[in-house]
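Residue numbers (the numbering used here), protein chains in the order written: chain A, 58 to 387; chain D, 145 to 604; chain G, 3 to 321.
Each residue gets a CB set at the ideal place from its N, CA and C atoms; glycine is no exception.
These numbers were taken from a predicted model, which means no experiment stands behind them.
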Amino acid sequence: MILSANSLIEVQDLKVWFPIKRFLREPIFVKAVDGVSFNIARGETLAVVGESGSGKTTLGKACLRLIEPTSGRIIYDGKDITRLSNEELRSYRREAQIIYQDPFSSLNPFFTVYRALEEPLIINGVKKGRSEQIYKVLEDVKLTPVEEFVNKYPHMLSGGQRQRVAIARALILRPRFIVADEPVSMLDVSVRVEILYLLKELQHKYGISFLYITHDIATVKYFSDRIAVMYAGKIVEMGNIRSIIAEPIHPYTQALVEAIPDPDPRNRFVERKVIPGEPPNPINVPLGCRFHLRCPYSDRRRCLKEEPELRDFGDGRRVACHYAEQFIKR
Amino acid sequence: MNVPREFQEMTNAILRSKAGIFGLSIIIIMIILSTLVLIYVPFNVAKEWNNPMFWQRNPRLALPNWVNIFLEKKLPETIIVANESFRKYSYYLETAGLKYNVLEGKFSYEYQDFPSELRLILYVDAERILVEIKWLQPSGINVTLWKGFLKGGLNSIYISREKEVYEYIEDSLKRFNISSSMIMRPEIILFMDNNPSHVNPTPVNGVYMLKIVSISSNPMDNVDAELIIYGKVFGLAGTDDKRRDIFVGLVWGAPIALSFGLIAALATSFLQTFIGSLSAWYGGLIDEFIQRVTDVYMILPFLPILITISIVYRIDIWTLLFIVVGLSVFGGATKTARSMTLQIMTEQYIEAAISYGASRKRILFLYILPRLLPYTMANMVLSVPSYVFLEAALSVLGLGDPMMPTWGKIISDAYSGGAVVHGLWWWILLPSALIILTAISFAFIGLALDKVVNPRLRER
Amino acid sequence: MEEILKIRDLKLYYRTLRGTVRAVDSISFHLCKGETLAIVGESGCGKTSTAIAIMRLLPRNIDVYEGEIILNGVNIMQMDDERFRKEISWRKISMVFQGAMNSLNPVIKVGFQVAEPLIIHAKMDKNKALSKARELLELVGLPAFIADRYPHELSGGMKQRVVIAMALALNPSIVILDEPTSALDVITQANIMNLLKKLKKESSLSYILITHDLALSSELADKIAVMYGGKIVEYGTSEQIYLDAKHPYSQKLLASIPTLRTDKKLEFIPGAPPDLVSPPSGCRFHPRCPYTMPICKEKEPPFQNVEEDRYVACFLYGG
């Protein structure tokens, strides 16, 4: 892959395998992420969509070195950070942050809002102007009037407010890259959009790059332009969100898009065309194309033996299917 | 209120449940009582407890005075006729060169039972005196108690016990044609009416007088007296066989029991939790080591070791505390805290802290340990009773602190003093009741806290 | 259509340390035979409590439990617990609990677990119950040999089907589905929804679907009841609600749902859902409502009939 000059973070053939130790035998591996490559430009969002167990969260954490990658490279701002020691990671830790799914467990219940935001500053040796920074970041995430919130404990806040605090905590060190791991899926429907808009606004304001991890394709286009669809540890399709929804190429993406209902009263009269089965166990992924067992178009020969590569179809669209050409309607 | 939820829930749980309020109020009363008594008892109890001289003005084995409420025949309290209560006149016969000192002590006796003992103390400020002691009943019967020479200094005449006194009494009674059988004791004879049958002797109520006439040679010679008519009831908790006021022992024992229980519980709970948390958070060899040590510690027989140590070395209560804490540095809570930490470690705010660069030590102290606080507190409160019991049990076995009056020590004294055999119920029941009350009150608070710690007991 | 369930002024309050939680506060609705009613609302609006109240699966800390639940013309609120358990529970109304697939007993074969309600409630003998269980598993699209498997050998979607089979065991006329696809992946969710559609068509079941997901509810619902703060704010047919919602909350909620295929500017509702211990005065939505009038703060809007079979609790429509 060519290192594009504009990308802030570039992931090359990243693999995260978790060994399962067995007595007196070779360990077997859970291949959570198995050869994933992508890049994110400065100020851009890449959405990673997949079902549970597809490896999307592991991928996000590996990008932050919260989980050690087994192989592959992570290049941040032109610098390979894959093998840096914890000491050398300090500056990366400041610049790359994470926002979690569950605003109930992502805040220390013993810290007030102020304390929670002060903590990263203390740890990173910021001594001057802490409270100015905290007030500013709380205004950024629209927890206003700030005075009303600074001395509250997490349990006194609603889910949406808590998630704003978590966002503020990620922002306070002025990061350039944020992994947002399902930031809205635990929130009430009525506040989800608010948070997504807020993230987008902050991105414009500070030029932050996001890796937006979600299982809900429907929310992607409100936050991101580019999407990568993951299945069993691999990216099966990548490209512009609108063209992927309008014209999914990979059979898995097709099934995924088909399975999602839009609120429409006519839905109840029709049956959805869906594929059977469930994602494979990551300990024991099928040989060949990982989707072939559930794929309605599997040829039962090539698909069983040969693992399809992620091929470029122009306009940023890349698909990992032997028969991708057949599915392109032109 | 702006406090972390854990604390709010704990205080709520205690203050909003009947059990919690009950337990807390008992403990508060106990604390107030023991601090007040520390002010009211104007002497060093720990120092004087084993000094028999200090307690000699108290009756032996007296019942608590509140038993009179339930009795028809009121038992006597101790009456002390001291120096000032004596009318004193002295004169010096220059011709004979004799100094006369006359002391007349009057007291009224209004009880339906006899006193337990009589004692007269004479402070003789002379080289040698000749003394005659007389006893005047309200009925007018006049008895000579004793006649003879006394040396200077403090002379204690134990009226109830001294054979000589008894002979004098018998002698003088004969003159009034009152015969007394040999088995009757002086304190009974001296207060008895002259009912000839003597089957059911009752004391004569009224004003008695003790008259002491002393003769010596020096005009400056002086004699003072103190008459102690020991009662049969004393104080709020009675006395023991060494005349000690059990109430003083009980209230003095309260802060000892509370502080022993609390310190032991506090130290063991916090140490165990900390070590368990440490074990889980650092993992690897540290975890393995701590867990194996805990396993060994948990199968060590705690009480036998403690008893052995107590027998070999006579230990005071604070050494005992130290040993108890030392023997339970690892324990059940270590295991529980470890598993709780493993669970807390999966929470995202821990990983978030790693992601913004917090050190491992910082995360352990600021992010994990506070979360274990509710559990530690509940565990502590619940283990206070067992340490109070432990101290009492060791004292009962005679292995506790030999000097300090603790509840367990009082029970131990009662046991060796034959309280069980002789039915001296107050001596055993009162300290036992206090031990049980303390245990129950902590257990109640623990019960209330359990609702916070144990999610199964929690209602939405 | 034949009305099989009618609920009038149902109340369910809980006692907690913080005070009384008015989880279900005087709600009324009805359900017709073969029809699906979706109860939609955000978390903590009282939708699951409504299900609990109908199934009489009350926790210990109940404070108020009253109102009328009329099933086929009989007020089942007046039945004693024993009779309710024997005649109504599971036989007439059954329920698929939220996350029920994770509560299957891990050490008992799936077949026995499906047969359990048959043995307990229908007093069937074991072998007959087991063969009926196999039929039920086939009905929900699982091969019969699944009966001899343990839960851990099944995938999430399969377990959810087993749970649905258990709910169908005694041929109930009403099945309450409480978030039947939460924690399942989208494709599996679509599969389960297809199954529920098929079952509904084949056996004229009535569903009460409880969900927070308005997009998902459109897959099944004939009627929709929108709940907010322990009350139903709007009730109507699917078409009426999705295409022409009347209550400001329903409108806003629909406008906040991201859609996949159409482009629209999403809206959100500022503020947070009410605390059911001390709900706002008057209309419970008034602090977040864009059309608040003075009366909204003072009086509770009546739940009024605005069109045939359509109810709205809002002063914008009179009252």
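- prompt: If we cut at 8 angstroms on Cβ distances, does residue 495(D) have a partner in chain A?
  reply: yes
query: Expressed to the nearest angstrom, what Euclidean distance is found between the alpha-carbon atoms of residue 145(D) and residue 202(A)?
result: Residue confidence is low: residue 145(D) scores 46 on pLDDT, short of 50, so the model does not pin down where it sits. Its coordinate-derived value is still stated next. About 19 angstroms.
message: Measuring CB atoms only, is the segment 452 to 463 of chain D touching the segment 518 to 529 of chain D, in the sense that at least three cross pairs come out at less than 8 angstroms?
response: no
query: Comparing the C-beta of residue 389(A) with each C-beta of chain G, is any distance below 8 angstroms?
result: Residue 389(A) lies beyond the range of chain A shown here (58 to 387); nothing can be said about it.
- request: Using DSSP bridges, identify the partner residues of residue 352(A).
  value: Paired residue(s): none; residue 352(A) is not in a bridge.
- prompt: Would you report the Cα separation of residue 154(A) and residue 139(G), rounded to the nearest angstrom?
  reply: 47 angstroms
message: I need the boundaries of the alpha helix (DSSP H) containing residue 47(G), first residue and last residue.
response: That residue, residue 47(G), is in no alpha helix (DSSP H); it is neither H nor E in DSSP.
query: Name the chain A residues that come within less than 8 angstroms of residue 264(G), Cβ to Cβ?
result: 319
message: Just verifying my parser: in three-state terms, what is the DSSP assignment at residue 361(D)?
response: coil
- request: Examine the Cβ distances between the segment 291 to 310 of chain A and the segment 202 to 216 of chain G and report whether three or more of them are shorter than 8 angstroms.
  value: no
query: What number of angstroms, rounded off, separates the C-alpha of residue 386(D) from the C-alpha of residue 507(D)?
result: 58 angstroms
- prompt: In three-state DSSP terms, what is residue 311(A)?
  reply: helix
message: Looking at residue 119(A): is its Cβ nearer than 8 angstroms to the Cβ of residue 290(A)?
response: no
message: Determine whether the beta carbon atoms of residue 240(G) and residue 329(A) lie at a separation below 8 angstroms.
response: no
field: C-beta neighbour in chain A for residue 45(G), strict 8 angstroms
entry: yes
message: Looking at the strands, I want to know which residues DSSP matches up with residue 69(A).
response: 130(A)
task: Check whether the Cβ of residue 520(D) lies closer than 8 angstroms to any Cβ atom in chain A.
output: no
Option nearest residue 242(D) by Cα separation, candidates 211(D), 262(D), 363(D) and 415(D): 363(D)
message: Looking at the secondary structure, which residues open and close the beta strand (DSSP E) in which residue 299(D) lies?
response: 286 to 301
task: Quick one: list the residues of chain A neighbouring residue 196(G), beta-carbon separation under 8 angstroms, in chain order.
output: 328, 329 and 331
- request: Please decide whether residue 114(G) counts as near chain A, where near means a Cβ-Cβ distance under 8 angstroms.
  value: no
task: Note down, in chain order, all residues in the segment 167 to 185 of chain D with a beta-carbon under 9 angstroms from any beta-carbon belonging to chain A.
output: none
task: Check whether the Cβ atoms of residue 252(A) and residue 217(A) sit closer than 8 angstroms, and answer yes or no.
output: yes
Contacts of residue 313(A) in chain G (Cβ-Cβ under 8 angstroms): 188 and 189
message: Whole angstroms are fine: how far does the CA of residue 144(G) sit from the CA of residue 167(D)?
response: 58 angstroms
query: When you check each C-beta in the segment 496 to 508 of chain D against every C-beta of chain A, which residues fall closer than 8 angstroms?
result: 496, 497, 498, 499, 500, 501, 502, 503 and 506
Under 8 angstroms between C-beta atoms of residue 253(D) and residue 288(D): no
- prompt: residue 220(G) versus chain A: which residues are under 9 angstroms apart at the beta carbon?
  reply: 318, 319, 320, 321, 322, 323, 324 and 325
- request: For residue 487(D), count neighbouring Cβ atoms within 10 angstroms of its own Cβ and tell me buried if that reaches 16, exposed if not.
  value: exposed
Residue-level contact to chain D via CB, residue 147(A), 8 angstroms cutoff: yes
task: Figure out for me which residue from 179(D), 148(D), 160(D) and 152(D) has the closest Cα to the Cα of residue 402(D).
output: 179(D)
query: Once you ignore the five residues that flank residue 74(G) on each side, which residues in its own chain have a CB closer than 7 angstroms to its CB?
result: 6
field: Beta-carbon proximity of residue 281(A) to residue 269(A), cut-off 8 angstroms
entry: yes
message: Helix, strand or coil for residue 313(G)? Go by DSSP, reduced to three states.
response: strand
- prompt: So, is the C-beta of residue 234(A) closer than 8 angstroms to a C-beta in chain D?
  reply: no
query: Between which two residues does the alpha helix (DSSP H) carrying residue 94(A) extend?
result: No alpha helix (DSSP H) contains residue 94(A), which is instead part of the beta strand (DSSP E) from 82 to 98.
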